[in-house]
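Here is the structure we will look at, set down as C-alpha cells.
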Amino acid sequence: MNSNLGLIGKKLGCTQIFDANGNVARVTVIEAGPCLVVRKRSVENDGYVAIQVAFGEKPARLVNKPATGHFTKNGVAARTVQGKKGKDVEVFPRTLKELRLSAEDAARFEVGQTISVGDVFKEGQLVDVTGTSKGRGFAGVFKRYHFAGFVSTHGTHEYFRHGGSIGTNMTPGRTLPGKKMPGQLGNSRSTLQNIKVVKVLPEENLVLIEGSAPGGENGIVTLRGAVKRRGKGVKA
Numbered sequence: 008m009n010s011n012l013g014l015i016g017k018k019l020g021c022t023q024i025f026d027a028n029g030n031v032a033r034v035t036v037i038e039a040g041p042c043l044v045v046r047k048r049s050v051e052n053d054g055y056v057a058i059q060v061a062f063g064e065k066p067a068r069l070v071n072k073p074a075t076g077h078f079t080k081n082g083v084a085a086r087t088v089q090g091k092k093g094k095d096v097e098v099f100p101r102t103l104k105e106l107r108l109s110a111e112d113a114a115r116f117e118v119g120q121t122i123s124v125g126d127v128f129k130e131g132q133l134v135d136v137t138g139t140s141k142g143r144g145f146a147g148v149f150k151r152y153h154f155a156g157f158v159s160t161h162g163t164h165e166y167f168r169h170g171g172s173i174g175t176n177m178t179p180g181r182t183l184p185g186k187k188m189p190g191q192l193g194n195s196r197s198t199l200q201n202i203k204v205v206k207v208l209p210e211e212n213l214v215l216i217e218g219s220a221p222g223g224e225n226g227i228v229t230l231r232g233a234v235k236r237r238g239k240g241v242k243a
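This is the structure:
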C-alpha cells in the first residue's frame with residue numbers, strides 16, 4: 008500500500024518541452040492542488056492514520072445533503088465565486104479522497120490547512136499516478152487482450168477473430184473464473200508507477216510528468232510519491 012504524501016489533481020492534456028541541452032520530453036500536464044485538509048484519521052479513533060483532502064469546485068446546489076453535512080461538521084464552509092454569467096455562486100470542494108500516511112507525515116498537517124504543489128513534489132522525483140482509464144465500450148479479445156487470432160487459410164470460416172475454447176467438457180465442465188473473453192474495455196481504476204516529474208510550476212499549481220497519465224482531459228487523478236524503486240540507487 009502506498010503511504011506516501013500526494014495530491015489530487017486534474018489532467019489538463021499532453022505537450023512537449025525542451026531541456027537545456029535541447030532534448031525533447033513528452034509530458035502530461037496535471038493541475039495538482041491546492042488541496043484542503045478536511046479531516047484527519049487517527050489510530051485511537053479510526054484504527055489507522057490518514058488525512059482526507061478536497062480538491063476542485065462544485066456548485067453547492069449540486070452537493071447532496073450527506074456531503075454538505077460532512078463539510079459543515081468539519082468546518083468547511085461554502086465559498087462564493089463568480090460564475091460564468093457574472094453571478095456569484097456558492098461552491099463546495101468537488102472531490103474528496105483519503106490518503107493513508109505515516110504518523111510523522113500526518114502530524115505535519117491540520118484540518119483547514121492547504122497543501123500546495125511546492126509542499127509535495129520536486130523535479131526529478133518519481134511518482135505513482137492513479138486515475139480512471141478511458142472507457143472503450145464493449146470490445147472483443149483482439150482489442151481487449153491482443154489475441155493473435157485463428158489461421159486464415161483455406162477451410163477457415165467465420166472464425167478469424169474468435170477467442171477459442173472457453174471451457175472443458177467433463178472436468179470441471181464449466182468456464183473458469185478470470186477467462187479472457189469479450190467485455191468492457193477501460194473505464195477502470197488504473198495506476199502508472201515510477202513516473203518521473205519533469206517540471207514543477209508552483210505558481211500555477213502545475214506538475215509536468217514524463218509520458219502519459221490514465222484517463223482523458225479534465226479527468227481526476229491522484230499523484231503520490233512512488234512506492235517502488237526504479238533503477239539502482241534511485242528512490243522516490
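My numbering puts the first residue of the sequence shown at 8, with every later residue one more than the last.
Glycine is no exception: its CB is placed at the ideal position from the N, C-alpha and C atoms.
Predicted model, so just to flag it, every value in this text is computed and none were measured.
- When the five nearest sequence neighbours on each side are left out, the beta carbons in the same chain lying within less than 8 Å of the beta carbon of Ala146 are those of Pro189, Gly190, Gln191 and Leu192, in order along the chain.
- By a beta-carbon distance limit of 8 Å, Val60 does not contact Lys17. Their separation comes to about 14 Å.
- Bounds of any beta strand (DSSP E) do not take in Ala113; it lies within the alpha helix (DSSP H) bounded by Ala110 to Ala113.
- In the DSSP assignment, the residues bridged to Leu106 are Ile58.
- For Thr229, the enclosing beta strand (DSSP E) starts and ends at Ile227 to Gly232.
- Only residues of its own chain outside the window of five on either side were considered, and among them Val44, Val45, Arg46, Lys47, Asn81 and Gly82 have a CB closer than 8 Å to the CB of Val118, listed in chain order.
- Rounded to the nearest whole angstrom, the C-alpha separation of Thr35 and Val124 is 16 Å.
- DSSP lists Glu38 and Ile227 as the beta-bridge partner residues of Lys17.
- Closest option to Glu97, judged by alpha-carbon separation, among Leu69, Lys235 and Ala27: Leu69.
- In the structure shown, the three-state DSSP call for Arg151 is helix.
- In the DSSP assignment, Thr137 falls within the unbroken beta strand (DSSP E) covering Leu133 to Thr139.
- Assigned with DSSP and collapsed to three states, Asn194 falls in coil, not helix or strand.
- Asp126 and Gly174 have their C-alpha atoms spaced approximately 54 Å apart.
- Residue nearest to Leu14 within the set Cys21, Cys42 and Val31 is Cys42 (criterion: CA-CA distance).
- Under a 10 Å Cβ-count criterion, Asn212 is classified as buried, with 16 or more other Cβ atoms of the shown protein chains found around its own Cβ.
- Rounded to the nearest whole angstrom, the C-alpha separation of Lys206 and Ser195 is 28 Å.
- DSSP places Glu217 inside the beta strand (DSSP E), whose first and last residues are Leu213 to Glu217.
- Within the same chain, Phe157 come within 7 Å of Tyr166 by CB-CB distance, once the 5 residues on both sides are set aside.
- Going by DSSP, Asp53 is part of the alpha helix (DSSP H) stretching over Val50 to Asp53.
- Exclusion of the five residues before and after Glu217 leaves Ala32, Val34, Ile202, Lys203 and Val205 as the residues of its chain whose Cβ lies within less than 7 Å of its Cβ.
- Rounded to whole angstroms, the separation of the alpha carbons of Gly142 and Pro179 is 34 Å.
- With contacts defined by Cβ atoms closer than 9 Å, Leu12 and Asp112 form a contacting pair.
- Looking from the CA of Gly138, the closest CA among Thr102, Gly93, Thr163 and Arg115 belongs to Thr102.
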